[in-house]
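Number of protein chains: 2
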Amino acid sequence: MDVTLSLLLGRIRKAFRHQFESRAAPWDLTVPQFVVLKRLWQSDGIRTALLAHDAGADSGALTGILNRLEARGLITRRRCEEDRRVVRIHLTHEGRALEPPIIALVASLNEMALHGFTPEERDALVQSLYRIGDNLGDE
Amino acid sequence: MDVTLSLLLGRIRKAFRHQFESRAAPWDLTVPQFVVLKRLWQSDGIRTALLAHDAGADSGALTGILNRLEARGLITRRRCEEDRRVVRIHLTHEGRALEPPIIALVASLNEMALHGFTPEERDALVQSLYRIGDNLGDE
DNA sequence: TCGCTATAGTTTGTACGCAAACCAAATCGG
DNA sequence: CCGATTTGGTTTGCGTACAAACTATAGCGA
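Taken in sequence, the protein lines are chains A and B.
Taken in order, the first sequence gives residues 1 to 139; the numbers are from this note's numbering.
Taken in order, the second sequence gives residues 1001 to 1139; the numbers are from this note's numbering.
And the structure:
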């Protein structure tokens, strides 16, 4: 086990991103942008801080991602009236329209990644990954 | 399994990096810098392209990493005499001296990540990760 | 030998990840 | 009610990842 684990994860991450970006080329989406949109598809109009947390990005990085998504007309920013420090992110019609094809794309990508795994193996893998996260103080 | 797998891997990656960088703080090393040094500890004097490949970075990113390691006196660049396009990377005394503490650090970090795993579970996990890499066209 | 092409690295431009500095709005204590 | 602190986001600076353009050197064929 000299693979250092992080090298292994890094290779998978790279392969995953490469597959995603080549398949998502028609929409010109990066993985982080997808993760942000995915969270918005679940609940539109959430605030920046929650979106950043759930998407696994810090607020600094999220600002740039949101700028690009906004420039492309996929989302809009709206100041919250009750608390004017808060910005709420809303999907546009175009942003919402991406959900079906992109979700299907990612589902097939996950299927590709786990091709040949039995349900038990998949479950064991996911459990192992959760355990590692816990061990490393994921929080 | 809506976790998208990539989110799970991303969280682990982040936790791993956080742990590494806090423990490696005395040496001020990033994970990519560590991976490059690790490869050099195995075989000093290899060429840039091989180093980039084995460290999982492209040559473009490696240039920056090597610049920083060189500026800190951990490595030196040397033009190859037979083929003057090639640059060979050599460890300095300081760079070589980092090996024992950093290797020990990473070993304990891997141990932390896999705490509570039986040898069989560890093996199954590593095999699963290799299979995923293959499925995604790791190459 | 001359031009063509391939190869090794560096440079450049975009997109993040992360931490720290910053600004504006809200809240708290006296 | 006012100053200090806290909170929500943006900006900035550094370190990659990745792709594309560029430079220098090598090797190849006519």
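For glycine and all other residues, C-beta sits at the position ideal for the given N, C-alpha and C.
So residue i contacts chain B; which residues on that side make the cut at Cβ distance below 8 Å?
{"i": "A/His115", "result": "Asn1135"}
{"i": "A/Gln19", "result": "Leu1136, Gly1137"}
Report the neighbours of residue i on chain B: residues whose CB is nearer than 7 Å to its CB, in chain order.
{"i": "A/Ser128", "result": "Glu1121, Leu1125"}
Show which residues of chain A have a CB atom less than 9 Å away from the CB atom of residue i.
{"i": "B/Val1031", "result": "Ser6, Gly10"}
{"i": "B/Arg1023", "result": "By Cβ distance, chain A contributes nothing, its closest Cβ being about 12 Å from B/Arg1023, past 9 Å."}
{"i": "B/Ala1061", "result": "The contacting residues do not exist; B/Ala1061 stays about 12 Å from chain A at best."}
{"i": "B/Gly1056", "result": "Leu7, Gly10, Arg11, Lys14"}
Please classify residue i: is it buried, with 16 or more other beta-carbons within 10 angstroms of its beta-carbon, or exposed?
{"i": "A/Leu29", "result": "buried"}
{"i": "B/Leu1086", "result": "The sequence given here has Val at residue 1086 of chain B, not Leu. By the neighbour-count rule (16 or more Cβ atoms within 10 Å), B/Val1086 is not buried but exposed."}
{"i": "A/Leu136", "result": "buried"}
{"i": "A/Ser43", "result": "exposed"}
{"i": "A/Leu74", "result": "buried"}
{"i": "A/Gly50", "result": "First, the residue type needs correcting, since residue 50 of chain A is Leu and not Gly in the sequence shown. By the 10 Å Cβ count, A/Leu50 comes out exposed."}
{"i": "A/Gly157", "result": "With chain A running from 1 to 139 in the structure shown, residue 157 of chain A is simply not present."}
{"i": "B/Ala1107", "result": "exposed"}
{"i": "A/Gly10", "result": "buried"}
{"i": "B/Thr1063", "result": "exposed"}
{"i": "A/Gly60", "result": "exposed"}
{"i": "B/Gln1033", "result": "buried"}
{"i": "B/Arg1084", "result": "exposed"}
{"i": "A/Ala52", "result": "buried"}
{"i": "B/Gly1045", "result": "exposed"}
{"i": "A/Ala97", "result": "exposed"}
{"i": "B/Ala1104", "result": "exposed"}
Run through chain A and tell me which residues come within less than 7 Å of residue i, C-beta to C-beta.
{"i": "B/Val1106", "result": "Thr4"}
{"i": "B/Ala1015", "result": "Gly133, Leu136, Gly137, Asp138"}
If I'm right that residue i touches residue j with Cβ under 8 Å, what's the distance once you round it to whole angstroms?
{"i": "B/Ile1102", "j": "B/Ala1024", "result": "7 Å"}
{"i": "A/Ala113", "j": "B/Ala1124", "result": "Not really, about 16 Å apart at Cβ, beyond 8 Å."}
{"i": "B/Arg1079", "j": "B/His1090", "result": "With a Cβ gap of about 12 Å, B/Arg1079 and B/His1090 do not count as contacting."}
{"i": "B/Trp1041", "j": "B/Glu1099", "result": "5 Å"}
{"i": "A/Leu129", "j": "B/Leu1008", "result": "5 Å"}
{"i": "B/Ser1006", "j": "A/Phe16", "result": "5 Å"}
{"i": "A/Val31", "j": "A/Phe20", "result": "6 Å"}
{"i": "A/Ile132", "j": "B/Ile1012", "result": "6 Å"}
{"i": "A/Arg39", "j": "A/Ala55", "result": "5 Å"}
{"i": "B/Glu1082", "j": "B/Thr1076", "result": "Going by Cβ atoms, the distance from B/Glu1082 to B/Thr1076 rounds to 18 Å, so no, they are not a contact pair."}
{"i": "B/Arg1047", "j": "B/Arg1088", "result": "6 Å"}
Can you list the residues of chain B that residue i reaches, using a CB-CB cut of under 9 Å?
{"i": "A/Val35", "result": "Thr1004, Ser1006, Leu1007, Gly1010"}
Report yes if the C-beta of residue i is less than 6 Å from at least one heavy atom of the ligand GDP; otherwise report no.
{"i": "A/Arg77", "result": "For the structure depicted, the ligand GDP is absent and the ligand set is empty, with no information on it obtainable."}
Go through the stretch 56-124 of chain A residue by residue and report every complete run of the alpha helix (DSSP H) that reaches 4 residues or more, in order. 59-71, 93-97, 99-113, all fully within the stretch 56-124 of chain A.
If you measure beta-carbon to beta-carbon, which residues of the stretch 1076-1097 of chain B are closer than 9 Å to chain A? none
Extract the residue ranges of the alpha helix (DSSP H) inside the stretch 10-44 of chain A, only unbroken runs of 4 or more that lie entirely within it. Those alpha helix (DSSP H) runs which fall completely within the stretch 10-44 of chain A and span 4+ residues are 31-42.
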